[in-house]
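Engineer: Protein chains in written order, with numbering that gives the first Met the number 0: chain A, 0 to 300; chain B, 0 to 785; chain C, 0 to 164.
We put the CB at the ideal spot given by N, CA and C, even for glycine.
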Amino acid sequence: MERFSYVRAESIPHAVTLLNTPGVRSRVLAGGTDLVLLARENHDLCDRVVDITLVPELHEIRRVQSATGVAGDTVTIGAAASFSEITASALIRETAPLLAEACHSVGATQIRNMGTLGGNVANAAACADSLPALVCLDALAHVLTPSGHMAWPVAEFVTRPNRTQLPPGGLLTALSYLVPAPGSRSVFLKLGRRNAMAISRLTVAALGRMDEQGCIAEIRLVPGSATPHIHRFARTEAHMLGHEPTAALCEEAGQVAVAEMSEITGKRWSSEFKEPALQAMVTRALLSLFGLIANHEEAHA
Amino acid sequence: MAELKYVGKPARRVDALEKVLGTAKYAADYRLPGMLRARCLRSDLPHARIVRLDVTPALQVPGVKAAITGEDFVNHGNFGYPVQDMYMLAHEHVRYVGEAIAAVAAETEEALEAGLNAIICELEPLPGVFDPEEALKPDAPLVGQQPWDSPTEPRGNLLVKHIVRNGDPDPILAQSEVLLDEHYSTAHQEHAYIETEAALAVPWPDGNGVTVYSPSQSPFNDRGNLCRVLGLGVENVRVIQPPVGGAFGGKDDQIYQTTGQVAKLALLAGRPVQMTFSREESMIFSYKRNPMRVHIRIGADRSGKLRASKVNLVVDSGAYSAITPFVAWRGNIHAMGAYRYDACHVDTHVAYTNNGYTGAFRGFGNTETTACIEQAMDDLATRLDIDPIELRLMNCLRPGDETAHGQPLGDDVALVECLERVRRVSDWDRKRREYGAANQKSSVGAPVRRGIGVACCFHGISLGAEGADFAVSTMQVNDDHSITFTSGLTDYGPGSRTVFTLIAAEVLGLKPERFHMHRPDTDTAIASGPTVASRATVMGGNAMRITAERLNSLLHHAAADLFGCSLVQVLRDGELFIGPQEEPVSFEDVVNHAREMGLMLSAHGRWDAPSIHWSMEDGTGKPYFAYHYGAQVAEVTVDTGTGKVDVTGIWAAHNTGTVIFPQGILGQIYGGITQGLGYALMERVDFDQGYLQATNFDEYLIPTAVDVPDIDGHCVEKYFSPGPFGAKNIAEPAMVPTAPAIVNAIFHATGRRIPDLPANLERVLIGHDLRQQGSDRACKLGLKHA
Amino acid sequence: MKIEFTLNGHPASVEAPADISLLHLLRDYIGLTGTKEGCGVGECGACSVLLDGQLVNSCLILAPQAGGREVVTIEGIRGADGGPNDLQQNFIDHGAVQCGYCIPGMVLAGEALLAKNLTPSRSDIREAIAGNLCRCTGYQQIVDAIEITAIDRRGEARKTEVTHG
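#1: Return the chain-ordered list of same chain residues with a C-beta closer than 6 angstroms to the C-beta of residue 482 of chain B, the five sequence neighbours on each side being excluded.
#2: What distance in whole Å lies between the Cβ atoms of residue 539 of chain B and residue 470 of chain B, which are believed to be in contact at a cut-off of 8 angstroms?
#3: Since residue 702 of chain B meets chain A, which of its residues come closer than 8 angstroms, beta carbon to beta carbon?
#4: According to DSSP, what are the bridge partners of residue 651 of chain B?
#5: Excluding five sequence neighbours on each side, which residues of the same chain lie with their C-beta closer than 6 angstroms to the C-beta of residue 297 of chain A?
#6: Tell me whether the segment 32-52 of chain B and the segment 100-109 of chain B touch, counting them as touching only if at least three CB pairs, one residue from each stretch, are closer than 8 angstroms.
#7: Counting only Cβ-Cβ distances shorter than 9 angstroms, please list the residues of the segment 268-280 of chain B near chain C, keeping chain order.
#8: Does the CB of residue 283 of chain B have a neighbour CB from chain C at under 9 angstroms?
#9: Listed from N- to C-terminal order along the chain, which residues in the segment 633-652 of chain B have their beta-carbon within a distance smaller than 9 angstroms of any beta-carbon of chain A?
#10: Between which residues of its own chain and residue 127 of chain A is the CB-CB distance below 7 angstroms, once the five residues before and five after are set aside?
#11: Does any C-beta atom of chain A lie closer than 9 angstroms to the C-beta of residue 706 of chain B?
#12: Starting from residue 719 of chain B, trace the beta strand (DSSP E) in both directions and tell me its first and last residue.
#13: Which residues in chain A sit within 8 angstroms of residue 771 of chain B, going by Cβ to Cβ distance?
#14: Confirm, please, whether the CB-CB distance from residue 222 of chain A to residue 285 of chain A is below 9 angstroms.
#15: Quick check on residue 870 of chain B - is its C-beta less than 9 angstroms from some C-beta in chain C?
#16: Which term fits residue 614 of chain B, buried or exposed, when burial requires 16 or more other beta carbons within 10 angstroms of its beta carbon?
#17: State yes or no: is the C-beta of residue 116 of chain C within less than 9 angstroms of the C-beta of residue 47 of chain C?
#18: Who are the Cβ neighbours of residue 5 of chain B in its own chain at under 7 angstroms, not counting the five residues just before and after it?
#19: Which residues in the same chain have their Cβ closer than 7 angstroms to the Cβ of residue 337 of chain B, if we skip the five residues on either side of it in sequence?
#20: Mind checking residue 267 of chain A: buried by the 16 CB within 10 Å criterion, or exposed?
#21: Please confirm if the segment 69-77 of chain C is in contact with the segment 43-57 of chain A, defined as three or more CB-CB distances below 8 angstroms between the two stretches.
#22: Among residues of its own chain, excluding the 5 on either side of residue 274 of chain A, which ones have a beta-carbon nearer than 8 angstroms to its beta-carbon?
#23: Should residue 93 of chain A be labelled buried (16 or more other beta-carbon atoms within 10 Å of its own) or exposed?
#24: Please state if the CB of residue 29 of chain C and the CB of residue 61 of chain C are separated by a distance shorter than 9 angstroms.
#25: Mind reading off the beta-carbon distance from residue 530 of chain B to residue 603 of chain B? Whole number of angstroms is fine, and I expect it under 8 angstroms.
#26: For residue 222 of chain A, does the three-state DSSP call read helix, strand or coil?
#27: With 9 angstroms set as the bound, which would you pick, yes or no: does the beta-carbon of residue 162 of chain A sit closer than that to a beta-carbon of chain C?
#28: Tell me the residue span of the alpha helix (DSSP H) that contains residue 392 of chain B.
#29: Indicate whether at least one CB of chain B lies closer than 9 angstroms to the CB of residue 82 of chain A.
#30: Taking 8 angstroms as the cut-off, is the beta-carbon of residue 238 of chain B closer than that to any non-hydrogen atom of the ligand SAM?
#31: From which residue to which residue does the beta strand (DSSP E) around residue 351 of chain B run?
#32: Alpha carbon to alpha carbon, how far is residue 699 of chain B from residue 379 of chain B?
#33: Give the C-beta separation of residue 178 of chain A and residue 153 of chain A to the nearest angstrom, bearing in mind that I take them to be a contact with Cβ-Cβ under 8 angstroms.
#34: Can you list the beta strand (DSSP E) stretches of 3 or more residues lying completely in the segment 45-102 of chain B, in chain order?
#35: Mind checking the segment 684-702 of chain B against chain C and listing, in chain order, the residues whose C-beta falls within less than 8 angstroms of any C-beta there?
#36: For the segment 78-94 of chain C, which residues have a beta carbon sitting closer than 7 angstroms to at least one beta carbon of chain B?
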C-alpha cells in the first residue's frame, strides 16, 4: 500500500493546479533531501507528491534589467535551482558571491546536486545555510497560488524554524535579489563540527560597501543558527554605519552582535559557547569584509 | 637473505576486483527464493522486568511464518564469553534500550510489521544505573545477574577487577621532585562500519541443520554459540563469512545473537531467513567502545626521569559483559604507557550499567588508556620544560628493558626508531620553536593558531593472557593445478587474505594469481581463535608459512624423483624447477609427477604463539609475547575564536617488522589514524538515562575526506624473528597514538589541555562540554525505523 | 506505478510503488545490489548513483523521479571488455579497496568528478568525495587512485608511482 502517489509537473501553472486539486493533500517534491526524511518519520505526510524538478523555468537564473534604471538590476533564481547550479552560476558568483559560498557550504556533492534553494527556504530549518545569505541580500520569496503572485522579503517569509508564510497550495517559484551596488563586498562564514556534511553551528553572512571618504556606506549583517528568526542585526549594523572601519570597531561590533543575540534568545544551554563564537565570527567577518585581514576564501569560520 | 619476490613488493589486493565492480555480495545483498525477512522486537526501556511476553498472536498474522522468544533456545539461549551473561533474546529482564526481546520472520515487510505489533509484551520499569562510579556504590540498583557472586564476595555491579603490581609507588610518589596527579576521561565510540549488521540462515533440505551466512569476525565462535543454543552438533551447523563491510571489533558478540535468531527462525519456518538493520537500529542495539575514567599519578625527577606511576581505571561495561573484561585487561596492562618505572601499580574496575553495552573496538582498551597516559606525559614535559619527544626518548622502552609488569623485552623493540623518525619527517624541532613563538604574539581578532604534538604507544601482539593462541591453515593443489587454501582467521577488510597469499607465493615460488583463499567456512577451515587483536599476520601468516613450506617440500620431493637426483640438487628459477641437467620443468609437470607417485598434494600447518603467563592475583608476569611500537606526530590549526580544530598533518612511524603487503599496511595506517582523528575531535556516543541521543550519521559524526589530511606513514621494518618473514602487525596500533597526538598539538597551539575526549568545539573554546537536555526521542524513532 | 527509465545505457521498465526510494527500486525490484544502503538518510553516500550524470544519494530520490531519465549504477561502470575500467583498475592497484562497502559510491563519485574536471587537485578530489563516508581506508589511497586516473585520462605520463612508506 503506497503511502503517497507521485505526479510530475510539466510547467509552473501545471504545478499550481496539481498542488490545488481538491481533496488531495499534495506536497512539493524538489530535491527530496528534506521531504523523503519527513516521509520516513511521518507515514501520513500527504496523499501525493508533485515533482517540480523537471520544470525548466524553475531552474533559470537570470538577470533582469531594472525597469526604471534608477534602482539596480534584479537577479532571479528559479526555486528548483540546485545548490550545485547556484555555485556554478557565473551571474551569482559575480553579483552575490556570499550566496554562492553559502550554497557551496551545504552538505557535499550529492546533497548539493539534489538540494534546491527553494526547498531550503520552504523547509526553513533553523540552520538552513541559504537563509542568512538571502536575508543579507534582502531577497524576496515569490509564490504563485491559484489567485496569483505574491512576494515577501525572505526575512518575513520565514517566520520561525520550519515555519513560513507559504499559503496552502502555494508554490514557491523563485527567489530574487537586487544586485548590490558597485563596490560591494560580501563574506559568508560557517562553523560546523566537521568540514563537510555538517549542520551549521553558527553562520555569518555580511555585505558592505565603503564611500569615497573611506567610511562604511552600507553594512548588512545576518547571523544564522543564532536566533530563532533569521534577520539583519540592525543594532550591530547601526554601530558600524558611517564610521571608518577599524579593527577596534569590528571587535566592538562583535560584542554588540552578541548582545543583540542574547536579547532575543536569553540564556540557553548553548549560550556559553555561542556567545564567544558569534563574537569571534562577526568580528572576523567584518575585518574580512573591509579588507583588514586576508579574505577567507572557504566558507568556513 | 635472498631477495624476496612477492613479500614486500607492491601487490594487488586479491579480493578487490569484485568490490570495484560492485559484484561482491554482502550478507544483506543475498536474495533466495522463499526467503523470509526477520526483525526483533526491542526494548524501549533501559531496565525492566518482562512481566508478560506472548508471541502467539504474531503467528496468527497472515504471512508470518515463525516467531520466537528466548525460551525457544536451549538454556534460555544463554551464551557469552568470557562471562556467560548474554541471551539470544532477553531472559526475564531487559537491561538496555534496544535489547532484543522477541523475533519474527515473515514473507513481507507489512506482515513483519503487523507481526511485531501483535506481540504482547509488558515491561515493568526498574531503576536504572547510568554512571559506572555510581554503579559501584554499595546501594546502587543491580544491573546484571552477578554471575560471579559468591556468599563471601558479593560483587554488586562490579563485573571484574584487574591489577598490575610492581614494587610500591606510594613512597616514591610522595618524595618525587615533580608529581603529576590528573584525571582524564574517554567517551563511548561507535564502530560506524558502513555495512550494518545482517545475517542469512538457510535450513538444510534434510531439516537437520542450518547454514548461516554471517559477517561475524570469528565464524567458529559463531558456530560454537549456535551449537550450544540450538542444541545441534558441529556437523549440523555451518557458518560462512561473506565479504564484510567493516568490523573493527564490532562484529562479534551481538552478531551471534542475530545469527542465533535467524537460525532458529529458519529451522522453525523451514525457509531461508534474513535479518538486516537500518542504521538507527544498528546504532541503538550494537555494542560500543567502553568509556573510561582514568586517574593518573606519575612521579618524576626534575631531570625528566620517570620514577613511579599509579593509574586507576573505571570502565563502563554497560548491561552485558561481552569481551569488555579483556578490553579492560589490555587497558590495565598498557595504562602506564611504554615507559620504564621503578614502581608501578594499576587498578582497574569494570562496572555494569544500563548504558547500552560495550565490547571490542580497535585498540581494545589501549586506545582509551594511551589517549590519557600520552596526555599526562605531554603535561609532564611542559612542567619539566623538556621537549615532549626528548622526554619520551629518555624514558621509553628499549631492547632488553623490563616493562612495568616485570617482563624483560627482546631485541625487537623499535620505539626509539619510531620516535626519531617522526621527529625528523615532521620537522618537529623547527615547528615546536616557530609555532610556539608565533602563539605568544597577540593578534587582531581571534587568531588561528598552529600546534604540533606527539604521542607514542606499545601494543601487545595477539591475545596475550586472554586464551589459547594458535592458528591453523590448510592448502591443497587442485586437479586444475590451482591452489586453494584456508585459514581459521578471516579478512573483513584489513587485507589478511592478500597477506596470506603473498606469504604462500613467496614460500612456494609461485605467482600469487595461482592461489585462492576459500571463503571463511567452518566446514573447510580449522578453528584458530577469533580474528582480533591484530593477530592475523603473525598467527595466521606463520600458519600459512608452515603450511606452504610443507607443500613446497612435497613438490620438491616429486621434482627430485622426476629428475632422479637428490633433494638439494633441485633448484628454482621463478616458477620453474631445475634439475642437475639444467632441464627446466614447470610447476604443472611437477604436480602431475607427484600425482603419479601417489603423493597427496595437501598440507596443513599450525603455529602456536610463544608462551606467556599472567597472574591475575599478583598483577605480574609476561602478559604478551611481544609488543608493537609506534609514534605519531600531529599538526593542527585551532581557531581560537570558535574552537574549530583542523588537522593539517600527521606523520606516523610504526614498528611493523617486515612489510608484507605495502599498499595494505599503508591503508591500515591511514584508516586507523582517521578513526583516531574522529575519536579525538568529533565522535561521541551520548547516552542520557540510557538513551542514545544520536542514532544516525547526521548526528554521530565521523571524519569525511575533507577532515583528514594526507598522512605520511612510515614502517620501521626491524626484523621480528617470530613473525612470518620478520613481520609484526599494524591493524590496531595504527589508531592508538592518534588522539593524544592531536590533543597534545591543541595544547601546543592554545595552552589548553583537553583531558576529556572528544576535544569538540565547546571543550576547545570554553574548556568544558555543554549538553542539551537529553531525551528518548531518537531511540523511540529509531526503533520504529528498524 | 510503471517507472520507465534508462539504466546503465539500457531501457528499464519496472512496476513499483511510488513511495519507495530509487535505492530500494534498484536493489529489491531490479536486483542490482551493487548500490548499498549505509544510513538511509543521505549522509554516507554508499547509495550514490548518477542521475542524468549528476552524483546523487539514491536513498533520498523517490523511484518515480527516475522516470524518463538516465541512471548509472556501479554495474554500469565497466571497461570495454566488461572488466574494470581504468578508474576501477587504479582503485585495485593503489590500495584504495579494503572492506569495499563504500567503493561503489566512491567509484561513481570519482567518475562524476572526472567527467567535469580532468585536472583536479588533491583538495578538489577530497571535496568531490566528501559526501562518501569510508571507515576503513582513511581516504588517501582513494584520492591517489582518482588522481592517477585523471593523469591517465589527460594522456600525460605519470610522474612517479604512488610511493609506499
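Structural biologist: Straight from the coordinates:
#1: So the qualifying residues of the chain are 476, 513 and 514.
#2: Confirmed, about 5 angstroms.
#3: Within 8 angstroms of the CB of residue 702 of chain B, the CB atoms of chain A belong to 193, in sequence order along the chain.
#4: Answer by DSSP bridge pairing, in chain order: B/631 and B/712.
#5: For residue 297 of chain A, the predicted structure reports a pLDDT of 32, less than 50, and the residue's modelled location is therefore unreliable. The matter cannot be settled from this model.
#6: Segments in contact, yes.
#7: Against chain C - using a Cβ distance shorter than 9 angstroms - the residues of the segment 268-280 of chain B are 275, 277, 278 and 279.
#8: With 9 angstroms as the cut-off, residue 283 of chain B does not count as an interface residue toward chain C.
#9: Taking 9 angstroms as the Cβ-Cβ cut-off against chain A, the residues of the segment 633-652 of chain B that qualify are 638, 639, 640, 641, 642, 643 and 645.
#10: Leaving aside the five residues that flank residue 127 of chain A on each side, the residues in its chain whose CB is nearer than 7 angstroms to its CB run, in chain order, 119.
#11: Closer than 9 angstroms: yes.
#12: Neither: residue 719 of chain B is in no beta strand (DSSP E) and is coded neither H nor E.
#13: Within chain A, the residues near residue 771 of chain B are 268 and 269.
#14: The answer is no: Cβ separation not under 9 angstroms.
#15: Beyond the ends of chain B as shown, which are 0 and 785, falls residue 870 of chain B; an answer cannot be given.
#16: Under this definition residue 614 of chain B is an exposed residue.
#17: Not a contact, by the Cβ cut-off of 9 angstroms.
#18: These residues qualify, in order along the chain: 501, 504, 505 and 511.
#19: Cβ neighbours of residue 337 of chain B within its own chain (closer than 7 angstroms, five residues either side excluded): 395, 396, 414, 455, 456, 457 and 628.
#20: Residue environment for residue 267 of chain A: exposed (fewer than 16 other C-beta atoms within 10 angstroms of its C-beta).
#21: In this structure the segment 69-77 of chain C does not lie against the segment 43-57 of chain A, because fewer than three pairs of beta carbons, one per stretch, are closer than 8 angstroms.
#22: The beta carbon of residue 274 of chain A is closer than 8 angstroms to those of 257, 260 and 261 in its chain, skipping five residues each way along the sequence.
#23: With a 10 Å radius around the Cβ and a threshold of 16 neighbouring Cβ atoms, residue 93 of chain A comes out exposed.
#24: No, the Cβ-Cβ distance between residue 61 of chain C and residue 29 of chain C is not below 9 angstroms.
#25: Contact doesn't hold; Cβ gap of about 18 angstroms is too wide.
#26: Note: residue 222 of chain A maps to strand in three-state DSSP.
#27: By this cut-off, residue 162 of chain A is not an interface position.
#28: Where residue 392 of chain B is concerned, the enclosing alpha helix (DSSP H) stretches over 387-394.
#29: Not an interface residue.
#30: Of the ligands one can find in the structure shown there are none, so the ligand SAM has no counterpart to examine.
#31: Taken as a continuous stretch (DSSP letters only), the beta strand (DSSP E) holding residue 351 of chain B covers 342-351.
#32: When rounded, the distance between both Cα atoms is 33 angstroms.
#33: Actually they do not touch by this definition, with Cβ atoms about 16 angstroms apart.
#34: The segment 45-102 of chain B contains these whole beta strand (DSSP E) runs: 47-53 and 63-67.
#35: If the cut-off is 8 angstroms between Cβ atoms, the segment 684-702 of chain B has 695, 696, 697 and 701 near chain C.
#36: Look at the segment 78-94 of chain C: the residues with a C-beta under 7 angstroms from a C-beta of chain B are 83, 87, 90, 91, 92, 93 and 94.
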